[in-house]
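The sequence shown begins at 12 in my numbering and counts up by one. Where is the CB? At the ideal position from N, CA and C, for every residue including glycine. None of the values given here were measured: they were computed from a predicted structure. See below for the structure under consideration.
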Amino acid sequence: MAQVMIVDDQINTANMLSMAVTVLGHEPLELHRGEDAVEMLRSAQPDFILLDFMMPGMNGLRTLEEMRTIPNGEQVPIFLLTAAKDHYLEEQAKEAGATGFLPKPLNLDILETILRKIGKNGSGK
Numbered sequence: 012m013a014q015v016m017i018v019d020d021q022i023n024t025a026n027m028l029s030m031a032v033t034v035l036g037h038e039p040l041e042l043h044r045g046e047d048a049v050e051m052l053r054s055a056q057p058d059f060i061l062l063d064f065m066m067p068g069m070n071g072l073r074t075l076e077e078m079r080t081i082p083n084g085e086q087v088p089i090f091l092l093t094a095a096k097d098h099y100l101e102e103q104a105k106e107a108g109a110t111g112f113l114p115k116p117l118n119l120d121i122l123e124t125i126l127r128k129i130g131k132n133g134s135g136k
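Okay, here's the thing in structure tokens:
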């Protein structure tokens with residue numbers, strides 16, 4: 012079972028992602044602000060992070076950059092989520108260290124495939 016950190020300012024979206032992660036047999040860790048996610052990452056060791064791109068305050072890109080400076084965040088797979096269809100955002104995310112970029116609403120088959128792959132690569136707990 013992997014621990015999946017979910018960071019999304021939209022509580023309904025975060026709740027749906029948490030339910031999906033649970034149904035897929037993993038443990039969700041739900042947060043709603045980038046600042047809180049960065050602070051939590053200092054003590055938590057999630058196997059995987061789903062991070063909303065568009066958030067007030069510390070947006071997803073800035074959160075990603077901060078996460079990559081923390082020892083627990085250097086290697087963890089981090090996927091940014093957005094409803095925006097902008098290839099420039101995807102380029103920015105990859106330059107900042109994102110593992111991948113996923114569209115909202117998130118296709119659960121894609122999430123399941125990614126979580127399965129992480130488990131096979133030994134990144135899961």
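- Sequence-distant partners of residue 52 (beyond 5 residues in either direction) whose C-beta falls short of 7 Å from its own C-beta, in its chain, are 78, 81, 83, 84.
- For residue 93, the uninterrupted beta strand (DSSP E) run begins and ends at 89 to 93, by DSSP.
- When the beta-carbon positions are compared, residue 15 and residue 63 stay at least 8 Å from each other.
- Here residue 24 is buried, its C-beta having at least 16 other C-beta atoms within 10 Å.
- Residue 33 has its alpha-carbon roughly 10 Å from the corresponding atom of residue 27.
- Per DSSP, reduced to three states, the secondary structure at residue 69 is coil, with no helix or strand assignment.
- Residue 120 is classed as exposed because its beta carbon has fewer than 16 other beta carbons within 10 Å across all chains shown.
- Secondary structure in the region 27 to 66: the alpha helix (DSSP H) runs of 4 residues or longer, each lying completely within the stretch, are 45 to 52 in chain order.
- Going by beta carbons, residue 43 and residue 12 fall outside the 8 Å limit.
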